[in-house]
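I have placed the structure first, in the form of structure tokens, so that the comments after it can refer back to it.
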Amino acid sequence: MPSANIEAIQRSYAGFRDRDIEGILSAMHADVEWVHPEGMAVYGLGGTKRGHAGIKEFLTRVPAVLGGMRLEPKEFIEQGDRVVVFGSRAVTSRRGTTVTLDFVHSWTMREGKATRMEDIFDTVVFHELIES
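Each residue of the sequence shown is one higher than the one before, starting from -1 at the first, in the working numbering.
Shown next, in the form of structure tokens:
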């Protein structure tokens, strides 16, 4: 039986799957930090976004850079207030090329909601896909 923290995060991934922004945000504290590698800043996707408004802004930027993305979380590991998720994402370029990339998402939780989510992935391959 998954914990309340893992269930909250799973709801967020379901929101991604269903393209439901409110579903994504349902697992996030209002003051959440949403962190992506600085190497993605050139595309407007890197750095730390704050709060629900920052996440919404990030999500509206993604279609300008990518043709699509599908996340597949595979393993959830919980230790204290931290949940680490190992998974893969199928990323499609604006030209229609799709590549599957592994990711690690580190979620810090408080009272059943995320206060921080850090996305860790191979930015070199991501850049190559965007530029192809």
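In this text, a Cβ means the ideal position worked out from N, Cα and C, and glycines have one as well.
What is the DSSP secondary structure of residue i, counted as helix, strand or coil?
i: residue 73; result: strand
i: residue 10; result: helix
i: residue 15; result: helix
i: residue 116; result: strand
i: residue 107; result: strand
i: residue 38; result: helix
CA-CA distance, residue i and residue j?
i: residue 9; j: residue 20; result: 10 Å
i: residue 92; j: residue 67; result: 11 Å
i: residue 110; j: residue 81; result: 11 Å
i: residue 65; j: residue 95; result: 9 Å
i: residue 71; j: residue -1; result: 17 Å
i: residue 103; j: residue 74; result: 10 Å
i: residue 52; j: residue 44; result: 12 Å
i: residue 32; j: residue 57; result: 11 Å
i: residue 4; j: residue 125; result: 31 Å
i: residue 38; j: residue 2; result: 32 Å
i: residue 116; j: residue 79; result: 14 Å
i: residue 122; j: residue 106; result: 26 Å
i: residue 76; j: residue 114; result: 15 Å
Might you give, ordered along the chain, the residues of its own chain that have their beta carbon closer than 6 Å to the beta carbon of residue i, omitting 5 neighbours on each side?
i: residue 97; result: 89, 127
i: residue 101; result: 85, 87, 119
i: residue 130; result: 91, 95
Taking the beta strand (DSSP E) that residue i belongs to, which residues open and close that run?
i: residue 31; result: 26 to 34
i: residue 45; result: 45 to 48
The alpha helix (DSSP H) spanning residue i covers which residue range?
i: residue 123; result: 121 to 129
If I measure Cβ to Cβ from residue i and keep anything under 8 Å in the same chain, skipping five residues before and after, which residues do I get?
i: residue 49; result: 28, 29, 30
Who are the near neighbours of residue i in its chain, counting only those whose CB is closer than 7 Å to its CB and skipping five residues on each side?
i: residue 54; result: 19
i: residue 25; result: 6, 7, 9, 10, 111, 112
i: residue 14; result: 22, 69
request  = Can you check the stretch 56 to 101 for any beta strand (DSSP E) of at least 3 residues that lies completely inside it and give the ranges in chain order?
outcome  = Counting only runs of 3 or more, we get 66 to 77, 80 to 90.
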